[in-house]
Structures are given as structure tokens and as C-alpha cells.
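Below is one structure, written out as C-alpha cells; comments come after it.
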Amino acid sequence: MIQRAQTIYLGLAFICMVLLLFFPIFSIDVKSLESGVTMSAVFGKDGVVGEGLTTGHFPLSNVFIGLALMTFTCILLFKKRPRQLLLTRLNLILHVLVVLGIYGFYYFGASFVQSGMSAMDGTAVEIAFSMELGFFFLIPTIAFIFLAIRGIKRDENLVNSLDRIR
């Protein structure tokens, strides 16, 4: 049945993943201590994008679209609970890896940005990361998928208990 609670949780996780395509995750402000010049960049679906950046972009949009499609596929597998449970668990693992990577870059990426900036022109820089709206869509997605797994397990246990009665 498509009207089960786990479908709502998976739908909410899908909406959060789609919203990540429209909102940046965090912004990076780099200020040169010697010249006072400030550069800004935004980390979002296109990777780190900013004016004056010549580095390549890592398209996170492909990752977000893939995870959103995987979540939507989990919704469509409502008739095959064991397969839905397996795919939803895999989806949870992939979401956790992506979130750990993004949060790791947010908290520990300042040293990478600083070493990259100092290697370019040799000046001392001050780096500030600030959270944007997309940053707050990452964690609820994991919580919604976890709740969906619990709902799928509950349905599977109910069906197994009814099979024992027959």
C-alpha cells in the first residue's frame, strides 16, 4: 500500500534532496590579510563556485539527483518489502557518506582552502565558512530514511506474524 507511513517519510526525504538542488549548502569567504581583498564562493549543487575561481567544479547535482531518484525508487517498491528495505538501507548508507563528506569539508576544509590560496599567491588569508539553507536539509533526510526503514521492518514483521497464524 502506497499510503503507509514509510512512504510519507521517503517522500519527505525526496523533497529534502530536491531542495538541495535549489539552495546552496554553505558559503566561503576568503579575505587577504595583506591587501584586504575579499573573495566569496558558494558550495552547492555545482561544487565550489565563485567569482575569480579557475578550478574545476565537482557537480554535486549528479549526486543529489541520483540519491533523490534512489529515494523515489524506494517509494515505488512498496509491493516488494524486502527489496524496498534493502534499497532503503543502501540509500541510508549513501546519504550518510555524502553528509559526512560535506560536513567534513565544512569543518575541516578551511585548511585545504588556506593551503590552496597561499600556494597561489603566497599571502596570508583568513577563511570564514557560513552555513546556508541547504546545510539544514542534509540531516532531516537521514532521519526520514531511518524512520522509513523502521516502518518497512514493522510492516514486514506484521506480515510474517500473520503468516505464522495461517
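Everything in the sequence shown is counted per this note's numbering, starting at 282 for the first residue and increasing by one.
Positions of the beta carbon are idealized from the N, C-alpha and C atoms, including for glycine.
Quick caveat, the model's predicted, so the values are computed rather than measured.
Q: Provide the residue(s) that pair with K312 in DSSP beta bridges, ordered along the chain.
A: As a position in the sequence shown, residue 312 is number 31, starting the count at 1. K312 pairs with T319, E407.
Q.
Is it buried or exposed, V440, if we count other Cβ atoms within 10 angstroms and call 16 or more buried?
A. In the sequence shown, the residue the question calls residue 440 occupies position 159. Exposed, since its Cβ has fewer than 16 Cβ neighbours within 10 Å.
Q. My guess is that E504 and L357 are in contact by the Cβ rule of under 8 Å, so how many angstroms apart are they, rounded?
A. With the chain running from 282 to 447 in the structure shown, residue 504 is simply not present.
Q | C-alpha distance - L350 paired with F295, whole-angstrom precision | A | Locating residue 350 in the sequence shown gives position 69, counting from the first residue. Locating residue 295 in the sequence shown gives position 14, counting from the first residue. Whole-angstrom Cα-Cα distance: 8 Å.
Q. Whose CA, out of S308, S411, F345, R435, lies closest to the CA of V323?
A. Residue 323 sits at position 42 when you count from the first residue of the sequence shown. A check of alpha carbon separations from V323 across S308, S411, F345, R435 identifies S308 as the nearest.
Q | Per-residue DSSP class, three states only, for F359 | A | Indexing the sequence shown from 1 puts residue 359 at position 78. The three-state secondary structure of F359, taken from DSSP, is coil.
Q.
In the DSSP assignment, the alpha helix (DSSP H) including G292 goes from what residue to what residue?
A. Taking the sequence shown and counting its residues from 1, one reaches residue 292 at position 11. Note, G292: alpha helix (DSSP H), 286–300.
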